[in-house]
Structure formats: structure tokens, C-alpha cells
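Read top to bottom, the protein sequences are chains A and B. Counted from 1, the first sequence has number 52 at position 52 by UniProt numbering; the numbering is strictly sequential. Counted from 1, the second sequence has number 112 at position 112 by UniProt numbering; the numbering is strictly sequential.
Protein chains: 2
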Amino acid sequence: MILHDYLPSGNGYKIRLLLSLLGKSYQLKHYDIVKGESRSAEFLSINPNGKIPVLELDDGRYLAESNAALFYLAQNSAFWPEDSWQQAQVIKWLSFEQYSHEPNIASPRFWLSHAGMTPARQAQLADKQQQGYAALAVMEQHLKQQDYFVANRLTIADIALYAYTHVAEEGGFDLQQFPAVLSWLGRIAKQSNYVSIDDDSALIN
Amino acid sequence: MILHDYLPSGNGYKIRLLLSLLGKSYQLKHYDIVKGESRSAEFLSINPNGKIPVLELDDGRYLAESNAALFYLAQNSAFWPEDSWQQAQVIKWLSFEQYSHEPNIASPRFWLSHAGMTPARQAQLADKQQQGYAALAVMEQHLKQQDYFVANRLTIADIALYAYTHVAEEGGFDLQQFPAVLSWLGRIAKQSNYVSIDDDSALIN
Chain A
1 MILHDYLPSG NGYKIRLLLS LLGKSYQLKH YDIVKGESRS AEFLSINPNG KIPVLELDDG
61 RYLAESNAAL FYLAQNSAFW PEDSWQQAQV IKWLSFEQYS HEPNIASPRF WLSHAGMTPA
121 RQAQLADKQQ QGYAALAVME QHLKQQDYFV ANRLTIADIA LYAYTHVAEE GGFDLQQFPA
181 VLSWLGRIAK QSNYVSIDDD SALIN
Chain B
1 MILHDYLPSG NGYKIRLLLS LLGKSYQLKH YDIVKGESRS AEFLSINPNG KIPVLELDDG
61 RYLAESNAAL FYLAQNSAFW PEDSWQQAQV IKWLSFEQYS HEPNIASPRF WLSHAGMTPA
121 RQAQLADKQQ QGYAALAVME QHLKQQDYFV ANRLTIADIA LYAYTHVAEE GGFDLQQFPA
181 VLSWLGRIAK QSNYVSIDDD SALIN
């Protein structure tokens, strides 16, 4: 498999982390999204929405959207529960991640630590951070009662939420206010076959 | 089942439309989100994220996030494909809907037609509408080649995307630029057991 990706992306890292936990090998093809490399005609032919990551299967099929790739790769593994109510809980947290969490936690990090600040971004920063703290508070409340988000074990719900939470401080968030979240981050980082977000060992030209 | 909802919400309407297409009865409990009724202590006890819709099952379990409710209700029906690659395509479009479509198409509609405009909202409107048009263009490109988003038949991917697309003009979007999208909207509105977004026949006190 080839993962079309941008190394600092938490959305890409979700897939890299799951692939590593599953013990699956892949190649990482890098695009500098700050330079617009995910908007080229070539890239738009593999994802018309112009966003990394895109998972390319061995047979040449392409799958865009990080949480769709998590879903597909996790089938028939412990990271996707068998019970349909638990599956629905996983989808709930994947939706929460894409709607309430990622736009408010990933964007400040991207602006402050990667792409640079602009007046239009600065005007949105305080509101994004307020909503990002609200998302972290929802996670804290949930993780006070259980070690993982669904089914008392590590699933793709945790992997999806881990990706941008563990680097939230790069977006100006103080995680010390969320002790249950910090404990959960620690549990994930101790998994066997864990890889860090900047691991580029799968990188190809 | 009880759907905790706000009648103009496209996110709630997704679930109402699927329930109707499935021929399932339910009761609709209404919250005026403009008045903050989804932020009360009572509401937060059923969804700590403070957002409608929430599906309440007959046994008292609660499920937040509209696309999670679609996933759960569609199990073992024609609206959720059996093939895992097709399932991943559905999840891809549900993710696209929550990340690239809904925030850019639903928010302008909510501001212009329901909640009212504020200076902070006005400052974001042009950018939202630009990104909303980009999402509609991605849909148009896909629907030029096929009648439905996945598996050549109506699935929850279509239902999720239909909800806010069919009322996009309330957010200032001109759908006449997207003939394939308009044809697809028409195919969905012709389904047997179709209900409109303002159908309040399930409403309870």
C-alpha cells in the first residue's frame, strides 16, 4: 500500500499509527500541502477533494478521508468491535473528531506551528481554541469513567482522537487541565508497535 | 424510539428521512437550539457535546451524532452495503459531509435563514460559501458519473448529503450550476416514504 500524506498531518498519522499497530508495511509518498502539492491536477485525480491523506491499495484503488481508511483497515481486527452498538459508538466518536475536535484543535496547531498565521486566521483563533477546549472537556468527562472510548479497549475511535490530541499543545492548548486525557494518551503511547507522528521510515521519493 | 431534535436541522432530518424510508415509527422531541435548549443540564446529560440530534432507543440508550445514528439504523438494510470496500466508500462520504460539506453549507443557511447574522458570522460567510461551492463541485463531478454516491443505489451516504444540499439555497447557494446534483436531489425526493424536512407529524410535547 502507498499512503499519500503530509508528515505533520494528524489525519495522516491516524493511518500510519493503525498500520503500525496492525504490523502492516506501506510506503509513504509525501506532499507539502503548505506549498499546494495536494491541489495539483495529478493529486486531484486521486482525490477530487484535494486533501491528504489518501490510501492507495495494492490493486490501485484509492480511499480518501482518514476515518474511512481507519474503518477499512480495521475490519476483522480488534480495533473495530463486532457488536453493532459498539460500532455505532465508534462512528459517533469518529464524527465528533471530524466535526467538533479536528477543526478546532488541528487548525490552531497548523497555523501556529506549520503554515503560519494570517489576519484571517488570527480572527478565528480565539473561537477555535474555545471550541477546542470544549471538545477536550467532553473527552475528559468520558475518560474519567473508562480507559478507552469504546468497548473498554483500544479501537479506531481512540486512534482517531489521539492523533491531534497528543500534539494539541502545538496549537496553544494546555493539556494539564485534563488529567484523564493525559493518562489515556500515555496508555496509547505504550502500545507495542507504537510509532511517533514524525516517523518517516516508510518515506519514498 | 425518541429523536431529540430541532426541526430545521439537516442533521436531524437525515435520521427522520432514514426512519421514514425504513418505515419505522418514532417520536420527535423538539429543542429550540437558537434559545440554547440543547445546552441545558438535562440535555447535556444525554449528550455532553450539547448538540442535537440524539437518538433514544426503546431501551433508554442514547446515540449522538447524526451519521452514527444513520449507521446504526441502516444495519441489515439496503441503505448500508454488505461489501467492506463499499462500506468504506460510505464512511468516506459521511466524513466528507461532516468536514467539507456541512460546516460550509449548513452554517450559512443557519445564519441567513434561522439564527440571524452577527458581525463574527458575516466575517466568515464569504469563505464558508466558497468552500461550500467547492464541496458542491466535488459532488457534481461524482454524480456526473453515477446516479448515487456508492454502490449504484441509495445508501446513507446519499441521505447524509441530501439533508443540507436540498436546502442549500437557504444559505445563498445557487444549485442551478450543478445539474447532476439537481437530478440526484430529484431521484431522492421520489423515493417511496420520502418525507420533507418540515414534516412534524412525529412531534410530541
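Glycine included, C-beta positions come from ideal geometry on N, C-alpha and C. None of the values given here were measured: they were computed from a predicted structure.
Using the rule of at least 16 other Cβ atoms within 10 Å of the residue's Cβ for burial, across every protein chain shown, is residue i buried or exposed?
i      : result
V181/A : buried
H114/A : exposed
T118/A : exposed
S40/A  : exposed
A68/B  : buried
P108/B : buried
S95/A  : buried
P179/A : exposed
R153/A : exposed
V34/B  : exposed
Y31/A  : buried
E5/B   : Residue 5/B is actually Asp in this sequence, not Glu. That one is buried.
A123/A : exposed
R61/B  : exposed
Q98/B  : buried
S100/B : buried
S38/B  : buried
K128/A : buried
E169/A : exposed
S192/A : exposed
I204/A : exposed
Q87/B  : buried
Q89/A  : buried
K190/A : exposed
E84/A  : Before going on, a small fix: residue 84/A reads as Ser here, not Glu. Its Cβ having fewer than 16 others within 10 Å, S84/A is exposed.
Y13/A  : buried
Y72/B  : buried
In chain A, which residues lie with their C-beta within 7 Å of the C-beta of residue i?
i      : result
Q141/B : P48
So, helix, strand or coil for residue i, using DSSP?
i      : result
Q131/A : helix
A168/A : helix
L57/B  : coil
L125/A : helix
L203/B : strand
A163/A : helix
R187/A : helix
G12/A  : helix
Y72/A  : helix
V34/A  : helix
Y194/A : coil
K120/B : With the sequence shown as reference, residue 120/B is identified as Ala, and Lys is not the correct amino acid for it. The answer is helix: DSSP assigns A120/B an H, G or I state.
Q177/B : helix
K92/A  : helix
W80/B  : coil
N104/A : helix
S40/A  : coil
L7/A   : coil
Q145/A : coil
L112/B : helix
L22/B  : coil
Name the DSSP bridge partner or partners of residue i?
i      : result
Q27/A  : I2/A
R153/B : V150/B
A64/A  : V54/A
In chain B, which residues lie with their C-beta within 8 Å of the C-beta of residue i?
i     : result
F71/A : Q87, A88, I91
S84/A : Y72, Q75
Under 9 Å between beta-carbons, which chain A residues line up against residue i? List them in chain order, please.
i      : result
P103/B : Y99, P103
Find the residues of chain A that neighbour residue i, judging by a C-beta separation of less than 8 Å, and give them in chain order.
i      : result
V138/B : P48, N49
Run down chain B in chain order and give the residues with a C-beta less than 7 Å from the C-beta of residue i.
i     : result
S95/A : E65, N67, A68, Q98
Anything in the UniProt domain "GST N-terminal" (1 to 81) of chain B with a Cβ closer than 7 Å to a Cβ of chain A? List those residues in chain order, please. Answer set for the UniProt domain "GST N-terminal" (1 to 81) of chain B: P48, N49, L63, A64, E65, N67, A68, F71, Y72, Q75.
Relative to chain A, which residues along the stretch 191 to 203 of chain B have a C-beta separation below 8 Å, given in chain order? For the stretch 191 to 203 of chain B, which is checked against every Cβ of chain A, not one residue is closer than 8 Å.
Residues from the stretch 118 to 130 of chain A in contact with chain B, defined by Cβ distance under 7 Å: Residues of the stretch 118 to 130 of chain A with a C-beta less than 7 Å from any C-beta of chain B: A123, listed in chain order.
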